[in-house]
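If you're matching them up, the sequences are chains U and X in order. Position 184 of the first sequence, counting from 1, maps to 184 under the UniProt record's numbering, and the rest follow consecutively. Position 150 of the second sequence, counting from 1, maps to 150 under the UniProt record's numbering, and the rest follow consecutively.
Number of protein chains: 2
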Amino acid sequence: MTAFADIDTPAVLVDLDVAEANVSRFQAYCDLHGFRNRPHIKTHKLPVLAKLQTAAGAAGITCQKISEAEAMIAEGGVTDVLLTYNIVGSAKLARLRALAGRVRLSVVADSGEVVKGLGAAFADAPDPLTVLVECDTGAHRCGVASPAAARDLALEIEATDGLRFGGLMTYPPVGGTAAVQAFMVEATGLCEAAGLPVERISSGGAPDMWRAHEAPIVTEYRTGTYVYNDRSLVERGVCTWADCALTVLATVVSVPAPDRAVIDAGTKVLTSDLLGLDGHGHVLGRPDLRIDQLSEEHGRLVADGPVGLRVGDRVRIVPNHCCVVSNMVDSVVAVRGERIEGPLAVAARGQVR
Amino acid sequence: MTAFADIDTPAVLVDLDVAEANVSRFQAYCDLHGFRNRPHIKTHKLPVLAKLQTAAGAAGITCQKISEAEAMIAEGGVTDVLLTYNIVGSAKLARLRALAGRVRLSVVADSGEVVKGLGAAFADAPDPLTVLVECDTGAHRCGVASPAAARDLALEIEATDGLRFGGLMTYPPVGGTAAVQAFMVEATGLCEAAGLPVERISSGGAPDMWRAHEAPIVTEYRTGTYVYNDRSLVERGVCTWADCALTVLATVVSVPAPDRAVIDAGTKVLTSDLLGLDGHGHVLGRPDLRIDQLSEEHGRLVADGPVGLRVGDRVRIVPNHCCVVSNMVDSVVAVRGERIEGPLAVAARGQVR
């Protein structure tokens, strides 16, 4: 693959110049405000970018699944992993134990059942496993519901052989910065009153990443999307189209009517993720076009007037949600502008366990 | 992997007993009504099931992408492929030419541009390529818009060196059986009046598969979903839960509130496909539960009353859309009831080109 025009479609392109600038910019923001950056690698699933993020100053990486962590540390360069997921079941606990021997590891828990499982797996480990309490600050997914419950679970962790209490963690709702601050101040006070120092308070989420400093009690921030950005973040005013490092290159395969064209990218590349938006992505340079419908291998472009496209034309699309698009393909094409660097294998693609 | 309880989650399970029954039942229906069955393999992407479908009596298989066809014929047992996609661009046309040397191949076209590309690639081929005209019978995706346009494109195909006109093809809208019949009767009449016999009329779509005989002009039917079935087809009355061969096995990782539980399957297994439904799947045996929210690795179960689940419990989910779920994982687990047959590699997973 030597020329941009030779890239076969659909293809997921990653502009490394843009990604590197995104990594530097958010790292500088974290450094300015004095909190640690712990990027979520679910967005790119590429060891080379995990190493880039770490080299730029990240304190470590965040993974959702053990298999993601295994893939990210295989090449070296990453030595600190937070798994923001309740690890449940004997198969995964055995893998977690093995992972702890290879990297500085911390995990989360939001219930006594999860703590008991972790404790059983690490009771005879050479070093205790660091466990943060996951707190629900309004997203209503996982997490203990109150600061008092956070303190109680922290005490349970600290009392469990093989485990040590490592702090508090939350995945807040969009716009939840103030709620994070309030919850964490109260939970920290309760923990400290119970004799447990809170060494780390981890929050995250891309939509509010530039407001992270408004919850000053937070000591580390997790965001994945910042490395690529996407339409959901542009539409929320978090970044610009020029900051979007991941695009999908597609070819027009049909223009059945003047106001309609069909491209060779459907849900099996762009996915059906809407994130509250209308339509399925943004065609760069063509704000008049809407991707109004996707089937598995077709995307439909419509316009109020003529689409002005011909069979064989190519378009570049900023997807609604970049994190899920990386996961659809075995490799992305690294580019710098229109210069091609080559394919990058998405090492942790499909690593759901 | 020896026991059902040892399957690590999330896992995509395929019950081969159910799949085999589904294949037999629809084949018997096609045989009864005297049309050919040409299953779409995008649903399973498994050579073993393509061979099963062919052995059961299918006239060949349908693929959307060249790479799917390459993966399906690699093991043998499949000798006839229809590619229901406009093939555009030199890289794909070269692969199409190579594919034509390995299998009985037909493709579609809906424009002069596509026909010209195919003709250039096959002008010096030992045998002409069979090209069907894709017709828009109301789905407004690809396809020529009128029977007269179908006739005109058929003449263009027949006049192109390296190509031969092979018939008409459509992907109709749901409920479009009568529209298919009307369009195809008119188009066939026009083609025959122009001296072009229409040897094959191909329609498809899972929602109307049991009504295929209501468009008696159709000579072959394409459906993918029938091999597995899914929630979208149960909700439309096309099949029952017991006919659903593909399920997602997931583990409860959190029960943060009495009316809420969280499982380890999110959009990276179940996908965000809604197909017009509310919620993200059906929990077998628990019609009181709703999967009201997915993030990438979490699924949220809610109920009006207590969810009655504990951390570590497992649930089996019939997804909204089975075809996209197969594509999320490198392998599925073949089962017969609760007996495990073993993993099956999803050979054509992620084959988007």
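C-beta: ideal position from N, C-alpha, C; glycine also. Note that the structure is predicted; figures quoted are calculated from it, not measured.
Cutoff 8 Å: residue i Cβ touching any chain X Cβ
i                      : result
residue 135 of chain U : no
residue 45 of chain U  : no
residue 236 of chain U : no
residue 88 of chain U  : yes
residue 311 of chain U : yes
Cross-chain neighbours of residue i in chain X, by beta carbon under 9 Å
i                      : result
residue 345 of chain U : The contacting residues do not exist; residue 345 of chain U stays about 12 Å from chain X at best.
Contacts that residue i makes with chain X (C-beta to C-beta distance below 7 Å)
i                      : result
residue 328 of chain U : 350
residue 143 of chain U : 256
residue 110 of chain U : 254 and 256
Residue span of the beta strand (DSSP E) that contains residue i, given as start and end
i                      : result
residue 105 of chain X : 104–109
residue 204 of chain U : 201–204
residue 134 of chain X : 129–135
residue 152 of chain U : Looking at the DSSP string, residue 152 of chain U is not in any beta strand (DSSP E); the run it does join, the alpha helix (DSSP H), is 147–158.
residue 256 of chain U : 246–257
residue 170 of chain U : 163–170
residue 43 of chain X  : Careful: residue 43 of chain X lies outside any beta strand (DSSP E) and carries neither H nor E.
Own chain partners of residue i with C-beta closer than 7 Å, once the 5 adjacent residues on each side are dropped
i                      : result
residue 347 of chain U : 45, 46, 47 and 71
residue 186 of chain U : 147
residue 308 of chain X : none
residue 341 of chain U : 16, 334 and 335
Span of the alpha helix (DSSP H) around residue i
i                      : result
residue 344 of chain U : Unbroken run through residue 344 of chain U is the beta strand (DSSP E), 339–345; no alpha helix (DSSP H).
residue 68 of chain U  : 66–73
residue 21 of chain U  : 16–33
residue 233 of chain X : 231–235
residue 82 of chain U  : First-last for residue 82 of chain U: 80–83, but that is the beta strand (DSSP E), not the alpha helix (DSSP H).
residue 261 of chain U : Not the alpha helix (DSSP H): residue 261 of chain U falls in the beta strand (DSSP E), residues 260–263.
residue 323 of chain X : 322–326
Chain U contact for residue i (CB, 8 Å cutoff)
i                      : result
residue 322 of chain X : no
residue 8 of chain X   : yes
residue 51 of chain X  : no
residue 229 of chain X : no
residue 298 of chain X : yes
residue 113 of chain X : yes
residue 175 of chain X : no
residue 267 of chain X : yes
residue 251 of chain X : yes
residue 85 of chain X  : yes
residue 262 of chain X : yes
6 Å Cβ shell around residue i - same chain, five flanking residues per side excluded
i                      : result
residue 154 of chain U : 133, 165, 191 and 196
residue 199 of chain U : 167
residue 67 of chain U  : 351 and 353
residue 313 of chain X : 252
residue 78 of chain X  : 50, 54, 61 and 72
residue 13 of chain X  : 247, 249, 333 and 335
residue 174 of chain U : 207
7 Å Cβ cut-off: residues of chain U touching residue i
i                      : result
residue 148 of chain X : None at all; the shortest Cβ gap to chain U is about 14 Å.
Listed by chain order, chain U residues near residue i by CB distance under 8 Å
i                      : result
residue 64 of chain X  : 296 and 297
residue 91 of chain X  : 6 and 8
residue 156 of chain X : Residues of chain U passing the Cβ test: none, with the nearest at roughly 14 Å.
residue 222 of chain X : Those within 8 Å of residue 222 of chain X in chain U number zero; the least Cβ separation is about 13 Å.
Same chain, Cβ closer than 8 Å to residue i, neighbours up to 5 away in sequence not counted
i                      : result
residue 24 of chain X  : 56
residue 214 of chain X : 177, 178 and 181
residue 330 of chain U : 345, 346 and 349
Per-residue contacts from residue i into chain U (C-beta, under 9 Å)
i                      : result
residue 353 of chain X : 8, 9, 10, 11 and 264
Sufficient close CB pairs (3 or more, under 8 Å) joining the stretch 252–266 of chain U to the stretch 298–307 of chain U: yes
Members of the stretch 270–293 of chain U that neighbour chain C once the beta carbon cut-off is set at 8 Å: No chain C is present in this structure, whose protein chains are U and X.
Segment contact flag, the stretch 271–289 of chain X with the stretch 316–334 of chain X, C-beta cutoff 8 Å, min 3 pairs: yes
The stretch 118–125 of chain X touching the stretch 136–155 of chain X, judged by at least three CB pairs closer than 8 Å: no
Three or more C-beta pairs below 8 Å linking the stretch 255–264 of chain X and the stretch 228–238 of chain X: no
The stretch 33–44 of chain X contacting the stretch 98–114 of chain U, beta-carbon criterion three pairs below 8 Å: no
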